[in-house]
Structures are given as C-alpha cells and as structure tokens.
Amino acid sequence: MKHKTILASMLLSSSLAFSQTNVPIMSDNVLLQPFNTPHQTPPYDKIKVENFVPAIKESMAQGRKEIDQIVNNPAKPTFENTIVALEQAGDLLGRISPILFHLNSAETTPGIQKTVKEVSPLLTEYGNDISLNEKLFVRVKAVYDQRAKLKLDTEGQMLLEKTYKNFARDGANLSSADKEKMRAMNKELSQLSIEFSEHNLAETNEFALEVTDEKDLAGLPDFVKEAAKATAKKMNKTGWVFTLQAPSYGPFLQYADNRDLRKQLWMAFNKRGFNNDKNDNQAAIQKIVKLRYEKAKLLGYKTWANYVLEERMAETPEKVLEFENSLLGYAKPAAQRELKELTEYAKKNGFQGDVLQRWDSGYYSEKLKKEKYSINDETLKPYFKLENVLDGLFTLTNKLYGLTFKESKTIPVWHPDVKAYEIFDEKGALLAVWYGDYFPRQGKRAGAWNNTTLSQHFEGGKDIRPHVVNVCNFTKPTDTQPSLLTFREVETLFHEFGHALHSMLSHVKYETVSGTSVSWDFVELPSQFMENFCTEPEILKMFAKHYQTGEVIPNELIEKIKASSNFMLATGLTRQVNLGLTDMAWHNAAPTGESVVEVEKKIAEQTDLFPIVPGTATSTAFQHIFAGGYSAGYYSYMWSSVLDADAFEAFKERGLLNKEVAQSFRENILSKGGTEKPMVLYKRFRGREPKPDAMLKRDGLVL
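Take the sequence shown: its position 63, counted from the start at 1, is 789 in my numbering, and no numbers get skipped.
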C-alpha cells in the first residue's frame, strides 16, 4: 500500500516506486517532469529545494484522484480493481518524497529542513485520508472477505492480507470521532520525530573540541592527527579539531592519552539532546511515548509494544523480554570477566583509581588488545583502503551471485563524494543502480544506513529495477593518505551492502512486499549475514592489501583478527541488551511520567558494567527508536544475530563460495522480500528453524 511506504520514507529509509506514465510533462518543475537520466535516476544536479513543496502538493492531488477512482468504481470490488489499483495509486508521490527524505539525512540544509517540516504534516494527512477512508476500506474488506475463493498466488495472498491489516491497524474500524483522534496523533508523532532527529543532528554538528597544544595529542596515531588538522583547516581554526562524527570521536577515545579530553568528548557525545536547551529531547520523548501508547489503546492493544510486535517474528513483548534476558544471562557474566581483566591491566599501566569510567574503556581496551594479540586498528588500517574493500565486496558478490559492477560518471549524484554504480546480473541485464556515500560532512546524519529510493516491482509487465543507497561516515582521504578503514568499519561496509543486496536481488510483483519490506526482526538477516565473511581468510585475501606496498594481508594478521574477533564482545552484547531493554521500557507499559534518568537507571541496574554518569543519557539521542522506525523493535539486531550465524553455518558446512548454497539464499531469502512469512522463507533455505548454537559459539558465549 503506497502511502505506508511514503510515511516510511520519513524515517530511516524509503522503499517507494514510481511510474513515468502518470508524470505531468508541461511543468517546469524538474520533479514533475520525466527524469531524462540514465535509468530514470533522480536528477540531483538539477533539483532545487523550492521544487519540493509544489511537486509534493501536485503529486498528492494526483494520488487523491487515483484513490477517488477506486472508491467510485461502480464495478464490484475485485483484487485487480481495488487491491492492485490501490497498490499502484500514488506513484508520482512515491517518486518524489523519497528524494526529499533521503537528502534530509544525507545532504540537508536549512531549506530542506524547513521543507520537511512543511510537507511532513501534509504527507501524514494524506496517509490518514487513505487509511481512514471508510468507503475505500469497504471495498478492501469486501475483497478480503472473499479471499478463500480468489485463487490468488502466494504473493497476491500476502498483498491482500497486508493491505487489509494495514487498514485495520491504522484505524479503519474506528468511529468517526476516534478517527479524528488518530489523525491528530499521527500528525503530532510525525512532527515530533522530525524534531527529535533535527535536535540530534544540530548537537552533533555544533560541538567541536579544539586542541592547540600538541602535547594534548599524545597517543594519537598520525592518521588521526592529520584528519583533525584537516578538520580545523576546513573550519578556519588553528591546531586540531575533533568532532562527534564517528571517524573523529571513536579514534580519540581509543588512543588519546589525555584522560580529561577523552572525558570532555565522551560527555559531549552522551549529552546530546540532554542539555536543557533548544535541542533538548526529553520533552519530545515523553510526548512520543504518551502518543504511541494512546494510539495503541485506541486500536485495542495493551501497549505500543503489543501493537508493533503483533506483525513481527517475536509476536509478543513477553517473547522479546525472554529473549533479551536469556541473552543477558550469557553475556553479562562474560562481560564482567572482561571488565575485571581490563581493570587489572589498566592499573598495571598507569590507571590511578578503583573503577574504570566509560571514557577509559576504549582507551585501555585498545592497549590490551594490542598486548594480547599484537594487533590494533592502527596495525590493520593500511590493509583496508576503502577502494580495495569495495573491490573485494564486488568480487565476493560476483562469486556468490554472478553480479558485476560498473561505476557511472553520468548518473547524477547529490555530492561530489558520492559514487554511482550500475549493477548487472549474471546474464548482463541491469539489476540495480547503487550509490555509495562514505564520508562525513556538515548536513549529513551520523552513523550508517541503507536507503532504497526506488523499489523493485513489476509495472505493466516490465521489471522495474531498484535504486539503492549506502551511506556511511568513514575517514575522508587527505592530501597524503587514502581513506583507510578500521576492521569494524569494514564490517559496517559489508553490513550496509547486505541491506542493499536485499533490495537489488528482489524479484517480486508488488512494491509493498519488495526487498527490505519485511518483518522488522527479519530485515537485519541479510546485512548481518554479510558481516560474517569479514573474518574468513579466503575472503579477506580478496581485498586486504597494503595501500602502499600492495602486500596481501599476511596469514599471521588474519589469525590475529580471528583470535581477537571476540575481544570485549560480551561487553558490546551487554550494551545491545541494554538498548533493547531501554526500548521496551519506554514502549511496553503505560507511561508513568518517569524521567529519562529514572527509566534508564532501572535498566542500568540490570545491565550496566560501568558507573552511571550524571548529566548524560542514552534515550535523548536514541534515533533508532524515536525517529528511525525501531520503536519496540531494537531487539531485532540481536534476534537477527541468531538467524545470521545459523545461516552462515550453511555456507561454512558446504563452502563459503558454494554456488548452490548461495543460490538457495538468494532464491529463498534475498529475492522473496516480504512475499511470505519470514519463518517459512528461512526454513525453506535452512531446512529447519534457526538455532542459537552458532551465534553463542561464534560470539564466545559458550565453548
């Protein structure tokens, strides 16, 4: 159902399609003209911010006309004239809105932010007008009630079920008065989500740690200092500047000997949205949580978590909590042992005090890792030049799925740093257009994500191929050094490309079930699955080459990577459980008005290894659950870890590059999107339900 994905594009990603057949051609607005670009990709080089509002208003008007045609059709409701027609309605809007929301994340400006604030309530109202349209729902229900007699194929059955359930879950069965309440709540939630995200971006961009005394750089590798020098120059400052962007923030906490400056940077990062200023997110959180709860109750659910999880693999909050607490039972004892070892090491190496603080953990972990395994990020980065890692990724996907990649200089991009690729299948047919946007800049959200701006689907018998974006924030090349990745960044690159493959290899009829349009606790399987390849010698040797000498990474270093792969992992897993439980604490109960500090303190008592730091918070910058679509769903990352480890075992059993296993994974997982229930697809690939054994063993939680 088109409007559902239009609203989804206002969150982390979008998965919308468009039809050129309905596009007006008499307008001088580039967004309302056919895209005369390679593969009808967005003309980013010609789009102006002032194009968006009139284009979105025009496309909504066209979408409403298409809905009216369905509602006023005198013919008896059928699957084709109602469900499929609804699926195809709003194509023009589906072409335009993902572009705006993509730019708002990757290349925003005050003008784009203002535009998003203006159109988001309009888009929410548009979605409400569809989902709460009583006459439209009557037609949808009439088709749904006849589903047993329709003889639909599996995908058609799923589209019908999703369409009907989306209406019901959006409030189609509510009274007129309650529908108006729903409209108001949806509108306010949309605005609050945007506000939350903008506050995070502002606080990330506004902070800068200026260092003028070179002695304060003690411990930092040359590549970190060089990048900080370049940042200072760009900001017209002297000395060195460190920011809250990951390529700057992370290495400083890992390497800087100056503990006071480590604390200053850590505090700034963990006070985002918690400074009692114009960018404070505490009030927004309380409003969001209250509105979500009220919306769930209005729809007949106990809590927001009950509402969300009804359509997930986990099904209920109780199962999620059971899963999280079971994982905590494995991870926390191991994490406590890790912390004990780390504290003892720190005390032997200059730490004065009884308890390590959070700004000490990364610093001493890096030193202990180097001592135990003779390896650290500085040792490995020369082998992970970005271009080489990408070439290795391309080689791997060629061997697994027969894909080939060709960089395009003619496909428009939104920033000079961005590269566009045409991706072809084993027969030489275009499979997808893929963009890589890898370096931080002002106006670009922190973190890493995948975004599908055009989903694969069939239209008039033609297979419409997707446009997919991977966005990361790696250290930018300098005048003397290319972009060199940490090993974790290599895993991030593989992770996001796994999401991209889910969209690229999609082969379905309807965009509602295309690519990553799957159950939220299934969507991370393809991405996390790809990370497993990064520690395999056979795969590492494809791309890990010294950027200066061309030397392939030696076996000794590969062995150290594997040996150290679980170093401090239990600590990280415990943190993931903390985040999952924090998410559930906000969404699995009636709001009590408890403050951010009070809610987080209860979770910390179960999970935290380090002392609580007054004046800091997690929730106020928890983009995933308050502005990114993961509310009552953050557990999905660890849930998918069980799936990805179990799936990867199938490859290890028969060979990492085994064509038959790869083809089965492609046919049963990657190409199917949301056409069937996730467990049905997984069992068809694996021959059974997933088991946690592989994940527990891989992550060192059991012998």
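Every residue, glycine too, gets a C-beta built ideally from N, C-alpha and C. Note that the structure is a prediction, hence the values are computed from the model and not measured.
So, with DSSP's three-state summary, where would you put Ile773?
Walking along the sequence shown from the start, residue 773 turns up at place 47. In the three-state DSSP reduction, Ile773 falls in the coil class, being neither helix nor strand.
Pair within 8 angstroms by beta-carbon distance, Asn1196 and Phe1165
Translated into positions along the sequence shown, residue 1196 becomes position 470. Translated into positions along the sequence shown, residue 1165 becomes position 439. A distance of 8 angstroms or more separates the beta carbons of Asn1196 and Phe1165.
Use the C-beta contact count for Gln971: other C-beta atoms within 10 angstroms, 16 or more gives buried, fewer gives exposed.
Residue 971 sits at position 245 when you count from the first residue of the sequence shown. Residue environment for Gln971: buried (at least 16 other C-beta atoms within 10 angstroms of its C-beta).
Only counting the same chain, and skipping five residues up and downstream in sequence, which positions put a Cβ closer than 6 angstroms to that of Lys1058?
Here residue 1058 refers to the residue found at position 332 when the sequence shown is read from its first residue. Excluding the 5 residues flanking it on each side, Lys1058 has same chain C-beta neighbours closer than 6 angstroms at Thr1300, in chain order.
Residues in the same chain with beta-carbon distance under 7 angstroms from Gly1413, minus the five sequence neighbours each way, listed in chain order, please.
By 1-based counting over the sequence shown, the position of residue 1413 is 687. Answer for Gly1413: no residue qualifies.
With three or more beta-carbon pairs closer than 8 angstroms as the criterion, would you say the stretch 1177-1185 touches the stretch 842-861?
In short, these stretches do not touch, since the Cβ pair count stays below three.
Around the C-beta of Glu1152, are 16 or more other C-beta atoms found within 10 angstroms, so that it is buried, or is it exposed?
By one-based count along the sequence shown, residue 1152 stands at place 426. Residue burial is scored here from C-beta neighbours: Glu1152 has fewer than 16 other C-beta atoms within 10 angstroms and is therefore classed as exposed.
Could you check the C-alpha separation between Pro1416 and Lys1409 for me, to the nearest Å?
As a working mapping, residue 1416 is identified with position 690 in the sequence shown. As a working mapping, residue 1409 is identified with position 683 in the sequence shown. Rounded to the nearest angstrom, the two C-alpha atoms are 8 angstroms apart.
Buried or exposed, going by whether 16 or more other CB atoms sit within 10 Å of the CB of Val1368?
As a first step, residue 1368 is located in the sequence shown; it is residue number 642 there, counting from the start. With 16 or more Cβ atoms within 10 Å of its Cβ, Val1368 is classed as buried.
Tell me the DSSP secondary structure of Trp1140 in three-state form.
If you number the sequence shown from 1, residue 1140 lands on position 414. Here Trp1140 sits in coil by DSSP.
Using the DSSP secondary-structure output, state which residues sit across from Trp966 in a beta bridge.
Taking the sequence shown and counting its residues from 1, one reaches residue 966 at position 240. According to DSSP, which records beta bridges pairwise, Trp966 is partnered with Val937.
Helix, strand or coil, according to DSSP, for Ile1190 in the structure here?
Your numbering for residue 1190 matches position 464 in the sequence shown. Look at Ile1190 here: in three-state DSSP terms it is strand.
Would you call the stretch 1354-1367 in contact with the stretch 1034-1042, where contact means no fewer than 3 C-beta pairs closer than 8 angstroms?
Taking 8 angstroms as the limit for Cβ pairs, the verdict is that the stretch 1034-1042 does touch the stretch 1354-1367.
May I ask which residues mark the beginning and end of the alpha helix (DSSP H) holding Ala982?
Taking the sequence shown and counting its residues from 1, one reaches residue 982 at position 256. Annotation for Ala982: no alpha helix (DSSP H) segment contains it, and DSSP assigns it neither H nor E.
Here's the rule I'm using: 16 or more other beta-carbon atoms within 10 Å means buried, otherwise exposed. How should Arg821 be labelled?
Taking the first residue of the sequence shown as position 1, residue 821 is located at position 95. Residue environment: Arg821 is assigned as buried (16 or more neighbouring CB atoms within 10 Å of its CB, all protein chains considered).
Roughly how many whole angstroms lie between the Cα atoms of Pro1142 and Gly1173?
The sequence position of residue 1142 within the sequence shown is 416, counting from 1. The sequence position of residue 1173 within the sequence shown is 447, counting from 1. Pro1142 and Gly1173 have their C-alpha atoms spaced approximately 19 angstroms apart.
Cut-off 7 angstroms between Cβ atoms - residues of its own chain near Lys1433, not counting five sequence neighbours on either side
The structure shown has nothing for residue 1433, since the chain only spans 727 to 1429.
Tell me whether Ile1279 sits in a helix, a strand or coil according to DSSP, three-state version.
The residue labelled residue 1279 in the question sits at position 553 within the sequence shown. Coil.
In whole angstroms, give me the CA-to-CA distance for Arg1424 and Leu1116.
For the purposes of this step, residue 1424 is taken as the residue at position 698 of the sequence shown. For the purposes of this step, residue 1116 is taken as the residue at position 390 of the sequence shown. Using only the alpha carbons, I get a separation of about 25 angstroms.
Helix, strand or coil: which one does DSSP assign to Asp1163?
Looking up residue 1163 in the sequence shown gives position 437. Three-state result, Asp1163: strand.
Ala982 to Asp1006 span [Cα, whole Å]
The sequence position of residue 982 within the sequence shown is 256, counting from 1. The sequence position of residue 1006 within the sequence shown is 280, counting from 1. Here the alpha carbons of Asp1006 and Ala982 stand approximately 29 angstroms from one another.
Quick check: what's the CA-CA separation for Glu1071 versus Gln1078?
For the purposes of this step, residue 1071 is taken as the residue at position 345 of the sequence shown. For the purposes of this step, residue 1078 is taken as the residue at position 352 of the sequence shown. Here residue 1071 is Tyr; the residue named in the question, Glu, does not match the sequence. Distance between the alpha carbons of Tyr1071 and Gln1078: 12 angstroms.
Using only the alpha-carbon positions, how far apart do Asn748 and Pro760 sit?
For the purposes of this step, residue 748 is taken as residue 22 along the sequence shown, with counting starting at 1. For the purposes of this step, residue 760 is taken as residue 34 along the sequence shown, with counting starting at 1. Reliability fails at Asn748, whose pLDDT of 47 lies under 50, so the model's placement of it is uncertain and the value that follows must be treated cautiously. If I take the Cα positions, the gap works out to 9 angstroms.
Would you tell me roughly how many angstroms separate the C-alpha atoms of Glu1104 and Thr1212, rounded to the nearest one?
The count along the sequence shown starts at 1 and reaches residue 1104 at position 378. The count along the sequence shown starts at 1 and reaches residue 1212 at position 486. Going by the C-alpha atoms only, they are around 8 angstroms apart.
Local conformation of Val797 per DSSP, three classes
Mapped onto the sequence shown, residue 797 falls at position 71. In the three-state DSSP reduction, Val797 falls in the helix class (H, G or I).
Just grab the DSSP bridge partners of Glu1133 for me.
For this step, residue 1133 is matched to residue 407 along the sequence shown. Bridge partners of Glu1133: Tyr1147.
Segments assigned beta strand (DSSP E), at least 3 residues, entirely inside the stretch 1022-1107
Complete beta strand (DSSP E) runs here, min 3: none at all.
For Phe922 and Ala1010, believed in contact at Cβ under 8 angstroms, the rounded distance:
For this step, residue 1010 is matched to residue 284 along the sequence shown. For this step, residue 922 is matched to residue 196 along the sequence shown. Right, the Cβ-Cβ distance comes to about 5 angstroms (below 8 angstroms), so this counts as a contact.
Alpha helix (DSSP H) runs wholly inside the stretch 898-964, at least 4 long, in chain order
Those alpha helix (DSSP H) runs which fall completely within the stretch 898-964 and span 4+ residues are 902-932 and 948-960.
Around the C-beta of Gly716, are 16 or more other C-beta atoms found within 10 angstroms, so that it is buried, or is it exposed?
Nothing can be reported for residue 716, as the shown portion of the chain is limited to 727 through 1429.
Would you identify the three-state DSSP class for Thr1297, choosing helix, strand or coil?
To locate residue 1297, count along the sequence shown from 1; it is residue 571. Here DSSP, grouped into helix, strand and coil, assigns Thr1297 to helix.
I need the straight-line Cα distance from Lys959 to Lys997, nearest angstrom please.
As a working note, residue 959 is residue 233 in the sequence shown. As a working note, residue 997 is residue 271 in the sequence shown. Their backbone Cα atoms lie some 26 angstroms apart in a straight line.
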